[in-house]
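Everything below concerns the one structure shown next.
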Amino acid sequence: MADILVEGFCAFYAPRILERNMRTFRQKSFLIKLFLGMRALALISFAIAVLAVLANGSAQARENELANIYESKIVEFWNKHGQRRDFAGRHGVRIAAMAFSHSVGKNGIVISSGYGESFFKYREVVYDLWKEGYQVYILDHRGQGFSERLIRPNKAQKLDPQAVKRVHDLGYVENFDHFVDDLKTFVEKEAKPANERLFLLAHSMGGAIASLYLEKFSADFAAAALSSPMHQPNLSPIPNKACWLLKLGPSKSYVWGRGPYASRGFNADRDLTSSRIRYDILKRGELDRHPQAQLGGPSFNWAYEGCMAANRSIRDASRISVDVLLFQAGDDRVVKAYGQQKFCDTMNAARSGSCSLRIMKGARHELLIEQDVHRRLVLEEMLSFFKRKHGVAQRTH
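In numbering that gives the first Met the number 0, the protein residues as written are 0 to 396.
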């Protein structure tokens, strides 16, 4: 009898127990496969992201490999896609400029560079921005880079090569507003016709020019990013409120202690950037290879005009009606932080446009050729800022 009961129990329950175990096994098997599939998908996504970064290279760490890719990738890109767009600025002065068009680009970035710079210093920046889908426009401000010089040697000076160099390398401008006029002409002739929306990127002296520009023509740009803008130049020992003292010197002579261009080397220029490789390639490397683009110290008149323009850029910041992202170098010895803070405060108090101040701790003046740890953040935040403005309709006059 017991045998019959056991046999009956097994016949009735064994298939159900087996079925339940098989169902549990199948569920576990499904979960294991799901887990493995999700892990594989995550690895594939990560690999795609890494490949995208390596292929793009924009705003990413590349400092250690810059020497290897500069000629083969960046200069090659420059030669392939760059087009000279020289034009006549205020009073017919020849302004050297370049444009980098994009087959799919509908948004453009205009670059306003700093004192003594040529567009060659911005090769890497232009490369990065173009890779992000932007058309890029950059000019050499009058009296510097490859643009026409405003003072020419006289007959006696032409006989002395050193005298010719002293005249050629003198930083001079008659009126700071002429920089603004040239930039306006460039925007109207080159950038506006080819783009639905424009953004402005400006550095140092170019930041003061950009600020004065926006105070007059905010409608030309959807947004602006300023890198270490010259809202308060370090004129020590002259106070920034005493610009008139600079009028006491000869207007077309170098300010005290300054002279023609000289290749100083990284250690002598450590106030500018902590990236030796970018300094050697982009700052001094390009200038040493192109003597015609070299510029030395400013004249008394340039210093006076720059001082006055910086003060005006703060005073009239309330007139700016677009949003501005201002990057302040935490270890800047070229321009003063107070002026940048005052500029943002004046803008924000007016509530026409907003000014966001981003302090890059430990960074030096040249944020766009700084070490990757600083430069990457600047580019990433700037590009994110610009992309948030893509859907904002540009104002019209």
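Note that beta-carbon positions come from the ideal geometry of N, C-alpha and C, so glycine has one too.
Predicted model only: the values in this text are computed from it and were never measured.
With distances taken Cα to Cα, identify the nearest neighbour of Glu-195 among Val-254, Ala-241, Glu-187. Along the sequence shown, read from residue 1 onward, the residue named residue 195 stands at position 196. Among Val-254, Ala-241, Glu-187, the Cα nearest to that of Glu-195 belongs to Glu-187.
Assuming Leu-416 and Ser-298 form a contact by the criterion Cβ under 8 Å, report the distance between their Cβ atoms to the nearest whole angstrom. The structure shown does not extend to residue 416, since the chain spans only 0 to 396, so no value can be given for it.
Expressed to the nearest angstrom, what Euclidean distance is found between the alpha-carbon atoms of Gly-338 and Leu-158? On the sequence shown, residue 338 is found 339 positions in, with the first residue counted as 1. On the sequence shown, residue 158 is found 159 positions in, with the first residue counted as 1. If you take the alpha carbons of Gly-338 and Leu-158, they lie about 44 Å apart.
Meets three-Cβ-pair contact criterion under 8 Å: the region 325-338 and the region 280-294: Segment contact: the region 325-338 against the region 280-294, fewer than three CB-CB distances shorter than 8 Å; contact not assigned.
The alpha helix (DSSP H) spanning Ile-208 covers which residue range? Stepping through the sequence shown from its first residue, residue 208 is reached at position 209. Counting along the chain, the alpha helix (DSSP H) containing Ile-208 begins and ends at 204-216.
Considering Gln-327, what are the terminal residues of the alpha helix (DSSP H) in which it resides? The residue you call residue 327 lines up with position 328 of the sequence shown. It is not in any alpha helix (DSSP H) - Gln-327 instead sits in the beta strand (DSSP E) that spans 322-328.
One question on the structure: do Gly-352 and Ser-210 come within less than 8 Å of each other, judged by their Cβ atoms? If you number the sequence shown from 1, residue 352 lands on position 353. If you number the sequence shown from 1, residue 210 lands on position 211. No, they are not a contact pair.
Under the three-state DSSP convention, the category Arg-332 falls into: Sequence index remark: in the sequence shown, residue 332 carries index 333 (1-based). Here Arg-332 sits in coil by DSSP.
Can the beta-carbon of Met-359 be found closer than 8 Å to that of Ala-224? In the sequence shown, residue 359 corresponds to position 360, counting from 1. In the sequence shown, residue 224 corresponds to position 225, counting from 1. With a cutoff of 8 Å on beta-carbon distance, Met-359 and Ala-224 are scored as not near each other.
Grouping DSSP H, G and I as helix and E and B as strand, with all else coil, what is Pro-152? As a working note, residue 152 is residue 153 in the sequence shown. Residue state, collapsed to three classes: coil.
Return yes when the Cβ of Phe-178 is within less than 8 Å of the Cβ of Arg-148, no when it is not. Within the sequence shown, the letter at position 149 stands for residue 148. Within the sequence shown, the letter at position 179 stands for residue 178. Taking 8 Å as the Cβ cut-off, Arg-148 and Phe-178 do not qualify as a contacting pair.
What are the start and end residues of each continuous alpha helix (DSSP H) run of 4 or more residues lying completely inside the region 138-202, in chain order? Counting only runs of 4 or more residues that sit fully inside the region 138-202, the alpha helix (DSSP H) segments are 154-157, 160-167, 176-185, in chain order.
With DSSP as the reference, label Phe-265 as helix, strand or coil. Taking the first residue of the sequence shown as position 1, residue 265 is located at position 266. Reduced to three states, the DSSP call for Phe-265 is coil.
How many Å lie between Arg-122 and His-80 at the Cα? In the sequence shown, counting from the first residue as 1, residue 122 sits at position 123. In the sequence shown, counting from the first residue as 1, residue 80 sits at position 81. If you take the alpha carbons of Arg-122 and His-80, they lie about 12 Å apart.
So Ile-108 and Phe-198 are in contact, right, with Cβ under 8 Å, and what is the actual spacing, rounded? Here residue 108 corresponds to residue number 109 of the sequence shown, with the count starting at 1. Here residue 198 corresponds to residue number 199 of the sequence shown, with the count starting at 1. Confirmed, Cβ separation roughly 5 Å.
Rounded C-alpha distance that separates Val-49 from Lys-120: By 1-based counting over the sequence shown, the position of residue 49 is 50. By 1-based counting over the sequence shown, the position of residue 120 is 121. Low per-residue confidence applies at Val-49: pLDDT is 39, beneath 50, and the placement is therefore not dependable enough to give any value.
Of the residues Phe-76, Gly-361, Trp-255, the one placed nearest Ser-235, counting alpha carbons only: As a working mapping, residue 235 is identified with position 236 in the sequence shown. For the residues Phe-76, Gly-361, Trp-255, the minimum Cα distance to Ser-235 belongs to Trp-255.
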